[in-house]
Each structure stands twice: as C-alpha cells, then as structure tokens.
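Worksheet: one structure, shown below.
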Amino acid sequence: MVFEDIRRCDEHDDVDFSDETELLKFVRKNRWVSVNVGSLRLIRINWVTTLMASIVLWGFTISALIEPKEVLKEAQMWQSWVTQNFTWLYIGTQNVWIVFLLYLGCSKYGSLKLGKAHEKPEFNDISWFAMLFSCGIGVGVYYWGVSEPMSYYRGGALWKVPMNTDDDRAQMAIFTTLFHWGLHGWCPYITVAVALGVVCYRWNLPLTMRSAFYPLLGNLIYGPLGDMIDALSIACTTFGVCTSLGFGVNSIMYGLNRLNSSIEVSVDNQIIAIWFITIVATISISMGLKNGIQTLANVTFGIGMFVMFACLFLDNTWFLLNSFVQSVGHYFQWLISVSFQCDTWQQLAFEFQNEKDTNLYIGSSNTVTGLYDTMNKASLLVSGNTTHVISSQNTMYESHTGKWIDWWTVFYWGWWISWAPFVGMFIARISRGRTVRQVIFGAFIAPCTFSFFWLIIFGSLGIKMQRIAELALGVPGDLDWRSGSIDCAALGYDTTLKKPISAAAIALANDGYYAIACRNHGDRLYDVLAPYKEVTTMLVLLCVVGVSLYFVTSSDSGSYVDDILAAQGLPNPPLTQKIFWAFTEGAVCTGLLKAGGDDSLKALQAVSICAGLPYTMALCFLCTSLWRALKIDAGDEDICHGTQWTTGTLDIFDGFNPRGPNEMKVPKHSVLERLLSLTKAAVTPFMGVFNVAKHLYGDGLAAKMHMVIAFLFYVCWLAFLGLTAADSDWGMIGWTFFLFMVMQIAYLRSMTRAVHGIYGSTAEDFLGALVMYPNTLSQLDFHSAQALPESEDTYKVKTTAA
3 MVFEDIRRCD EHDDVDFSDE TELLKFVRKN RWVSVNVGSL RLIRINWVTT LMASIVLWGF
63 TISALIEPKE VLKEAQMWQS WVTQNFTWLY IGTQNVWIVF LLYLGCSKYG SLKLGKAHEK
123 PEFNDISWFA MLFSCGIGVG VYYWGVSEPM SYYRGGALWK VPMNTDDDRA QMAIFTTLFH
183 WGLHGWCPYI TVAVALGVVC YRWNLPLTMR SAFYPLLGNL IYGPLGDMID ALSIACTTFG
243 VCTSLGFGVN SIMYGLNRLN SSIEVSVDNQ IIAIWFITIV ATISISMGLK NGIQTLANVT
303 FGIGMFVMFA CLFLDNTWFL LNSFVQSVGH YFQWLISVSF QCDTWQQLAF EFQNEKDTNL
363 YIGSSNTVTG LYDTMNKASL LVSGNTTHVI SSQNTMYESH TGKWIDWWTV FYWGWWISWA
423 PFVGMFIARI SRGRTVRQVI FGAFIAPCTF SFFWLIIFGS LGIKMQRIAE LALGVPGDLD
483 WRSGSIDCAA LGYDTTLKKP ISAAAIALAN DGYYAIACRN HGDRLYDVLA PYKEVTTMLV
543 LLCVVGVSLY FVTSSDSGSY VDDILAAQGL PNPPLTQKIF WAFTEGAVCT GLLKAGGDDS
603 LKALQAVSIC AGLPYTMALC FLCTSLWRAL KIDAGDEDIC HGTQWTTGTL DIFDGFNPRG
663 PNEMKVPKHS VLERLLSLTK AAVTPFMGVF NVAKHLYGDG LAAKMHMVIA FLFYVCWLAF
723 LGLTAADSDW GMIGWTFFLF MVMQIAYLRS MTRAVHGIYG STAEDFLGAL VMYPNTLSQL
783 DFHSAQALPE SEDTYKVKTT AA
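By our numbering, the letter at position 256 of the sequence shown is numbered 258, and the numbering carries on one by one without gaps.
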C-alpha cells in the first residue's frame, strides 16, 4: 500500500461531489460512463461496479422465475452449509464488533466528528432517530413483534436460558426476541456508518463503500478491488432489503384481508403489492432525501408510536409496564452468555446423519467409513435397529433441534449484516456533523429502546392471548411446557389453514381471542388487536398504512444507496438510474417470492444468511480500516511515524501497480519481477523464508534452521495431501503442517515489521500468510532488500525551517 497521499482531516479542502468534475478526480476514467440526451442527464455510472452487481441480481431473479423450486432448494442447501460451518464466525464477530464500538465510543477517538470541527448536524435529533429506525428495522418489528416471541414460546423445544416453569419459558421467549433485535443487530450498521463518516467526511472521499477501506487498502480502492467492494455492497443491500420487503408485503396482505376478506393472501397478490409500492418508492426517491425519505420516516415513525401507545393504554397497562422492566433486566442478565451460544451440542447432531441429508460440515467423516456408518453398526449390534441411536438423540439429551440457530440467530445476523452497507451508509449520510460517540451511543440506545418497547408490548400481548385461549379451551393439563409444543388440533384449529374450526374456538375468536401459536405469522399482529373491538379496524388500518410506509421507506432508502454506489459516490445520479435500481429491487423481491411459493419465508431466510457471509468478512477488515483512520486523525505516533511496505500483498488485484484515479505511475518493480517473485514464493516458500530470516538474523545457523523447518512443513503438507484424499485423516495431518508453515511466515512478518517500524498487527500477519502465503513471502522478500528507514511522520505536512 502507498500512503503518501493520506493526510489528517485538517489538511483537506472541502469537495463538492455533486459536481461531476470534482467526483471524477476520484474515479478512473476507464470506468466512468456519462451519457446525455440533449440537455438531459441519462447515465452516470461506474460501469464495472454496475455490471457486476446487475449480473448477480438479475441472474438470481431470472433463475428464480424460471426454476423457482431448484433455486429454493439450492439456496436452502447453501443456507445450511453456511450455518453448520460458520456459526462460530457469525456469533463471534458480532460480539467483537460490539466491544470494538463501545471502546471507540468511550475512548479519545469518540470526540472526533463525522465531518470537520465546525460542521453541525444536518437533521435534528427527532428526525435523525426516525430515519434511523425506519430504515433500520421498521418493517421487521411489525411482522415479528408478536410472531417471534410466540415461536419461542410454543414453537417447539428451545433451551437458551435455564427454565423451571412455563413463566420462565414466556420470559425466555421475550428475552430471545430482544437478543435478536438489540445491540447485536445494530453493531454492523454502526460499524459501517462510523467508518464511512470518518473517512468520507474528514478525508473528503466520495460517500461509497470502497472509500471506507482506503486507510487499509490505499489506492487499491480505485481498481478492481474497489469495484468488487461496491458491487458486493449493492448485492447485499438488495438481498437484505428484499428480505424485509418480503415480510412487509406478507404483513400488508394479511392486514388487507382483515379489512376486506375478499382480498386473498396469495403470492400473486403479494407480487402485485410489491410492484405497486415499488412505484411509490420510486416517486419518493426521485424527490430526494429531505423531501421524500425524511418526510416518510417522520410519518411512519409517528404512526408506529401511536399504535404502540394505544395498545399500551387499551390493554392492561401495568402488566405491560411490569413486563418491560422485567424483560430489560433479563436481557442484560443473560446477554453475555447467550450472545456466545453457537448451539454447539445441538448442531453436533448433524454429524450423526449422512451426507444425503443434512451433514454439510466441511471435512466431516460422513462417508462409509465415517461416524454415521460407525453409529449404524453400533445400533445394529445393540438393538438390531440401525436408526435407533440416530433418531433418539434429541429426546435422549433433551436438546432442541440443531436447525434452530439456522432458522433464527444465524438468519438474523445474516439479515442484519446484509443490511449493513445500506443502513450504515444511510446512517453516515444523515449523521454528518455528529461525533463518533454520539453516533455509536445514539444509534445503540435510541433504536434499541423503542424497538424493545414495541417487542415487549406486542410479544407480551401475544403470550397473554395464547394463555387465554389455552385456559378457555381447556387443555392446560395436556400442556408440555418443557417441549414448548401445543396440540393445535386439540385446541380446535385446522393445522393447515391455521384457522379455528371447533365451535368453542370459533366462539372465542369471534370475541377477539385466538390461539396465537396456531395462527399464520402474518395474522398474529392483527390477532392481538382483535379484543379492542371499537377501535380494532382503525388500529388494523394504521398498521397496514404503517407497514406500507415503512416498506416504501426501506425500498427507497435501499434504492438510494444502490444508486450512489453504482455512481461511485455521486450524490444526485440521474432519475433513470434511480428507476433502474428501484425496479431491480422489485424484481429480486418478486424472484424471492416466486422461489418460496406459499412458504416464501424459507427463501427470504436462505438468501439473507448467504448474502451476509461475505460481508461478515468484509466488516472485519472494515474495523481494521476504521481503527487506522482514527489513529491517523488523532496523530498517534505508532502509525504516523511508521514506515510503509515497499509492495502490497494485494497489488496483484491492480496489475501490480496501485495508483491514484488519474495518475500515471511507473511501479518500482516490473510486472515480470512481481510474477517471478510470487511464483518462487509459491513453489519454494522455504527459500523465501531463508531470505527473510537472513535479513533479520544474518547468514548463520538461525536462517538455515528457519529454511529447514519451512522445507519440512512444506514437503509434509504436499506429501500428505498428494498421497491421500484432501479430506482424509492423513490429508488433515497435511493441513496441520500447512498451518505451522503459515505461523512461521506470520512470525517472520511480525519480526520484519518490528525491525522496520511498520505499523500492523499479529492478526494481520497471520491472516495474510494463511490466505495468500506467496503474496506475503513476496512482500517480505522485496522489503528485505531495503535498508532500515529513518522514522518519518508520513501524515504530517512537512515544514521548512524559518
């Protein structure tokens, strides 16, 4: 990486990126397409980013429309694969991001502004919060507010916290819902928002996702790597938004059905609703941020507040206030424990199954010589039944299903993460002039407080109504609270249509009370409004309007972000592009609904989890980039006085010549030199290790020992892989030798940094060696030819003596 052009905030002149001439100073000419029809602006795009994102989105859409069942099957397979192999990554990173953000908010960096020192916030606190909430979680809390707690309460076995009674189970249901909508949900948004705000507003870079990686990648953001970052952000944004829109349109249709029973809840009607609202969203986004999105956000937030407080006063107010206080306490009591739960023992059950079913663990021994076959043989010897042990594992150990975390927590984390580029960029856009501390704590506390109030009120009302139905219909004696299951047929409900069919259940429903657990997800919100007979219709109508407006707000916010990313930060792209991205969003949502059919929830969950995985990794790198940016702006000595690598490990992505957007630069080392160095490092890494060790320790025994050890690691790695299958037991031993070689290379890189005064971390050294050891060794080899540089403040303006 080359950092000569990085300077602290006070060294940058303001730039008006709405001026295309100014923006093009940050865009490579061979990537920019500008088309006019007369005086009308028609196209302003980075064609590489736009093409990559469009291929992914429209490719998925066309496939889903042509082969919906195959697309759903494939998406669900990838969903299970991601969950089984990367639960640890989803769970672990969320916690790391929270700790990182809380540290930043409390540190000296918290006082830095997302902008220059004199800048004031563009939006007042109320509008800022309303837009935060509406773009972040608006549709979701309507759809899941009643349904999610009920799914944990009466949806089957679930053990997240200790329970002794059904009351404990009810409290666990509320807690688990808050866990999915609390701090962990907002941390990806805030991470992106702060990173973008610091780099774009303090360093005057265009507001686009690639800019946030500039402190880490340098000029590489202007090449293919930056194009991939923005294209991935567009794809994740669109898939994430469409997940919410799928829930939203489902809720809208069930609400309309309550208002007019002739309106059927069908996939076709949902698609019609999506396109109608897409048109409205297109009109909204064409009006701009202040006139369109801000106004909608304020109105929708006001409607939500009215419905929530109306229900608080219409029902048992004191019961609901008790539930709020108690539930918040339970949230903080169990937060740390549950936030690290990976359902380790529950997911172990997948290894007891065969490859044709659900065992998708990478490298799992699920062949004829594997664990599955071993257990079958043992079962046959013990009981004469080859499925005895396998079929009884959950019952034997009182485990909930290993798929639970796939259905819920990992789905939520994937959903929140896939929304991160969209919501984070939007938060950055509306937070200019606020400090890092204000954005972190404001975006954590305010939305979580409101969403907790909503979820606790409606979740408690749902559980209360379920208990009323169970008591009135006379089945408490048959209730098995430990398994969390309920016999809906015994309660008088059709288990397919999810409607009351017995005389008692119908009579109870006519009076406004339903067995919520036996109802469709989309019905449940409106069910809890049914007891308020005089005002039920008004509340249902308000909910339909509120969800519809949140739908529009989420849709136009997502399209707005997609549009800016495709235009590489141009804040006012042509109207034609706004229409294109709004309609692309509608098309993807249509494809998801078609793929899911009557159970569209499956397709929505699958695409969120899969879209979130690559962005989870991107956000980890983004944290490193943000950390560097803050240290540079604060003038920290370790980074500001550090030297730089002579070559970069990722230079290959820019033809070994990373340069500014409009810069003609001759690299220090030719492409041929770089390719030869990479080839030697890949084929004979032990020689690269020797060269680096010789530079560090001299041409003595230490360097020779490093070479011999690296040679043994390398040969054993290839030998065990070459002589056996890659996933065999001996193949795994080979990969163990590879890991030791990686650790040796990482150690040498760490020592090289220490000797040359290069800023970095051991984690970066290890990850670089693990993912691309030839690039890392090549970098070390080139840098080892350098003399020890003098310390120099790379980021300060050089002054001359008076």
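Using N, Cα and C, we set each Cβ at its ideal position, and we do this for glycine too.
With a cut-off of 8 Å on the beta carbons, I'd call residue i and residue j a contact; round off their distance for me.
i: residue 780; j: residue 680; result: 5 Å
i: residue 302; j: residue 134; result: The pair is not a contact, with the Cβ atoms about 12 Å apart (cut-off 8 Å).
i: residue 546; j: residue 305; result: In fact, because the Cβ distance is near 10 Å, the residues do not count as touching under 8 Å.
i: residue 132; j: residue 283; result: Contact doesn't hold; Cβ gap of about 17 Å is too wide.
i: residue 739; j: residue 715; result: 5 Å
i: residue 179; j: residue 461; result: 6 Å
So is residue i buried or exposed if we call it buried at 16+ other beta carbons inside 10 Å?
i: residue 213; result: buried
i: residue 311; result: exposed
i: residue 338; result: exposed
i: residue 82; result: buried
i: residue 211; result: buried
i: residue 173; result: buried
i: residue 34; result: buried
i: residue 111; result: buried
i: residue 371; result: Residue confidence is low: residue 371 scores 49 on pLDDT, short of 50, so the model does not pin down where it sits. Its coordinate-derived value is still stated next. With fewer than 16 Cβ atoms within 10 Å of its Cβ, residue 371 is classed as exposed.
i: residue 368; result: With a pLDDT of only 47 at residue 368, under the threshold of 50, the placement of this residue in the model should not be trusted, and no figure is reported.
i: residue 277; result: exposed
i: residue 164; result: exposed
i: residue 399; result: exposed
i: residue 18; result: exposed
i: residue 584; result: buried
i: residue 587; result: buried
i: residue 794; result: Here residue 794 scores only 48 on pLDDT, less than 50, and its place in the model should not be relied on; the value that follows carries that caveat. The residue in question, residue 794, is exposed, as its Cβ has fewer than 16 Cβ neighbours within 10 Å.
i: residue 166; result: exposed
Shortest alpha-carbon distance to residue i belongs to which of the options?
i: residue 666; options: 404, 221, 125 and 85; result: 221
i: residue 673; options: 655, 617 and 245; result: 655
i: residue 93; options: 763, 614 and 724; result: 614
i: residue 509; options: 522, 483, 527 and 471; result: 471
i: residue 205; options: 114, 39 and 704; result: 114
i: residue 181; options: 621, 336 and 437; result: 336
i: residue 139; options: 525, 242 and 89; result: 242
i: residue 95; options: 321, 343 and 223; result: 343
i: residue 108; options: 340, 438 and 429; result: 438
i: residue 396; options: 324, 494, 724 and 160; result: 160
i: residue 469; options: 629, 454, 455 and 488; result: 488
i: residue 788; options: 171, 694, 207 and 596; result: 694
i: residue 506; options: 692, 476, 520 and 486; result: 476
i: residue 427; options: 771, 735, 59 and 195; result: 195
i: residue 333; options: 564, 17, 177 and 29; result: 177
i: residue 675; options: 20, 28 and 784; result: 784
i: residue 156; options: 467, 623 and 567; result: 467
i: residue 60; options: 240, 189 and 385; result: 240
i: residue 520; options: 651, 209, 540 and 494; result: 494
i: residue 492; options: 503, 25, 485 and 29; result: 503
i: residue 706; options: 692, 542 and 556; result: 692
Bridge partners for residue i per DSSP, in chain order?
i: residue 495; result: 502
i: residue 43; result: 38
i: residue 487; result: 482
i: residue 437; result: 115
i: residue 48; result: 34
i: residue 760; result: 645
Under the criterion of a Cβ to heavy atom distance below 7 Å, does residue i qualify as lining the ligand FAD?
i: residue 565; result: Among the ligands in the structure shown, none appear at all, so the ligand FAD cannot be discussed.
Query raised in the report: Between the region 428-435 and the region 101-109, are three or more C-beta pairs nearer than 8 Å?
Result: Judged by Cβ distances under 8 Å, the region 428-435 makes no contact with the region 101-109, as fewer than three pairs qualify.
Requested in this report: Kindly confirm or deny that the region 602-617 and the region 412-423 touch, where touching means at least three C-beta pairs closer than 8 Å.
Outcome: In short, these stretches touch, since the Cβ pair count reaches three.
Query raised in the report: Does the region 102-117 come within contact of the region 337-353, defined as at least 3 CB pairs closer than 8 Å?
Result: Contact between the region 102-117 and the region 337-353 is absent, because fewer than three Cβ pairs lie under 8 Å.
Report task. May I ask you to verify whether the region 248-265 touches the region 72-87, counting CB pairs closer than 8 Å and requiring at least 3? Result -> The region 248-265 makes no contact with the region 72-87, as fewer than three CB pairs between them are under 8 Å.
Query raised in the report: Are at least three pairs of beta-carbons, each pair with one atom in the region 643-661 and one in the region 231-238, less than 8 Å apart?
Result: The region 643-661 is not in contact with the region 231-238.
**Report entry** At least three beta-carbon pairs within less than 8 Å, the region 745-753 to the region 687-698
**Finding:** Touching, yes.
Query raised in the report: Below 8 Å, can you find three or more Cβ-Cβ pairs linking the region 755-763 to the region 629-649?
Result: Yes, the region 755-763 is in contact with the region 629-649.
Query raised in the report: Should the region 259-274 be called in touch with the region 565-581, which here means at least 3 C-beta pairs below 8 Å?
Result: Output reads no: the region 565-581 does not touch the region 259-274.
Query raised in the report: Any chance the region 516-534 sits against the region 141-156, with 3 or more Cβ pairs inside 8 Å?
Result: Taking a cut-off of 8 Å for Cβ pairs, the region 516-534 and the region 141-156 touch, as three or more such pairs fall below it.
Requested in this report: Check whether the region 622-640 touches the region 586-599, taking contact to mean three or more Cβ pairs, one atom from each stretch, closer than 8 Å.
Outcome: As far as the Cβ criterion goes, the region 622-640 does not touch the region 586-599, which means the pair count is below three.
Report task. Please determine if the region 309-327 and the region 533-544 are in contact, where contact requires at least 3 C-beta pairs separated by less than 8 Å. Result -> Proximity of the region 309-327 to the region 533-544 meets the contact definition, three or more beta-carbon pairs being nearer than 8 Å.
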